[in-house]
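Data first, discussion second: the structure below is written as structure tokens.
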Amino acid sequence: MLVGWGGNNGSTLTAALEANRRQLQWRKRSGIQKANWFGSITQASTVLLGSDEEGKDVYVPMKDLVPMVDPNNIIVDGWDISSLNIGESMRRAQVLDIELQDQLYKDLSQMKPRLSIYDPDFIAANQLIELIISSRAPSSSSMNKYVVIYKSLRVARI
Numbered sequence: 003m004l005v006g007w008g009g010n011n012g013s014t015l016t017a018a019l020e021a022n023r024r025q026l027q028w029r030k031r032s033g034i035q036k037a038n039w040f041g042s043i044t045q046a047s048t049v050l051l052g053s054d055e056e057g058k059d060v061y062v063p064m065k066d067l068v069p070m071v072d073p074n075n076i077i078v079d080g081w082d083i084s085s086l087n088i089g090e091s092m093r094r095a096q097v098l099d100i101e102l103q104d105q106l107y108k109d110l111s112q113m114k115p116r117l118s119i120y121d122p123d124f125i126a127a128n129q130l131i132e133l134i135i136s137s138r139a140p141s142s143s144s145m146n147k148y149v150v151i152y153k154s155l156r157v158a159r160i
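Residue numbering for the sequence shown follows our numbering, beginning at 3 and increasing consecutively.
What follows is the structure, given as structure tokens:
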């Protein structure tokens with residue numbers, strides 16, 4: 003569950019997870035790009051484990067060294083003060099290539115952040131679009147309700 007799911011980071015993370023899950027590809031100026039986990043420290047990195055009998059370094063993928071969740075199994079949900087769906091948030095962020103955005107938009111536009119708490123100490127007033135209430139105490143019970151609902155989906159961790 004992400005606080006600020008409808009922001010640049012939340013919408014881009016959701017789009018990246020979906021693109022990799024669906025193994026999407028799209029055309030760029032440099033050719034065909036395929037969704038991959040390059041750049042992911044947990045999915046693409048290797049760790050020096052030691053050396054073999056001949057003294058050559060032995061590297062293993064980090065994801066095989068320690069237990070980690072498969073990113074294709076991650077379910078994303080969260081809150082935001084923006085009423086935009088995640089597809090619109092992804093477009094507003096202007097991070098991903100247009101052709102990739104077009105492939106993801108239909109599915110991401112079905113995802114919508116839950117109402118969020120507006121606390122002027124943390125959020126600029128000009129960012130306000132949609133919220134529950136501005137007082138923290140009553141709205142924390144609303145947030146707890148969302149966590150209970152999310153746990154009912156049998157999500158191991160929140």
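Glycine included, C-beta positions come from ideal geometry on N, C-alpha and C.
- According to DSSP, Gln35 shares a beta bridge with Trp28.
- In this structure, Gly80 keeps its C-beta atom at 9 angstroms or more from the C-beta atom of Asp109.
- Under the three-state reduction of DSSP, Asp104 is assigned to helix.
- Cβ neighbours of Leu51 within its own chain (closer than 7 angstroms, five residues either side excluded): Val60, Tyr61 and Val62.
- Take the alpha-carbon of Ala17 and the one of Met92: they are about 7 angstroms apart.
- Between Thr44 and Lys65 the beta-carbon gap is near 6 angstroms, inside 8 angstroms, which marks them as a contact.
- Taking the CA atoms as reference points, Glu55 sits about 20 angstroms from Leu67.
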